[in-house]
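Enquirer: Before I ask anything, here is the structure I am working with.
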Amino acid sequence: MGNDTPLSLYEEGLMEEWLSVVGMRLFAEQYFELKCGRGDFSAYSEKSAKNRRIAVAAIFQNGYHLAALRKIAASKSVPASVALLADATYTIETR
-15 MGNDTPLSLY EEGLMEEWLS VVGMRLFAEQ YFELKCGRGD FSAYSEKSAK NRRIAVAAIF
45 QNGYHLAALR KIAASKSVPA SVALLADATY TIETR
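Right, dumping it as structure tokens:
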């Protein structure tokens, strides 16, 4: 599982920046694939896909994945189904 300690303001800012590059919906919908390094970026240009891969790696390498799931679950800017998926994934990851 992961470390679920609150992030500092600096860490929160980094996580939000990387999450905005990845996209909240993509992160929630492909979470387990992304966690295993098998995310599908085929819908994006080569440059966009590369930037998203780098941002995903940074989120997981820095242990910000649980905070990212919490952020998505609480977000009003994603469809309710995406927020619920993020919340369910968070629950699975923190059991």
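Okay, so the sequence shown: first residue is -15 according to this note's numbering, each after it adds one.
Ideal placement from N, C-alpha and C gives every residue a C-beta, glycine not left out.
1) Using DSSP with H/G/I as helix, E/B as strand and the rest coil, what is Y74?
2) Does S65 come out as helix, strand or coil in the three-state DSSP assignment?
3) Of the residues R36, A64 and S59, which one's Cα is nearest the Cα of Y28?
4) Which of the three DSSP states, helix, strand or coil, is assigned to Y28?
5) Taking the Cβ atom as the reference point for each residue, do V6 and V40 lie within a distance shorter than 8 Å?
6) Compare the beta carbon distance of I43 and M8 with 8 Å and say whether it is the shorter of the two.
7) A67 and I76: beta carbons closer than 8 Å?
8) For the alpha helix (DSSP H) holding L50, just list the boundary residues, first then last.
Expert: Let's see:
1) helix
2) helix
3) R36
4) coil
5) yes
6) no
7) no
8) H49 to A58
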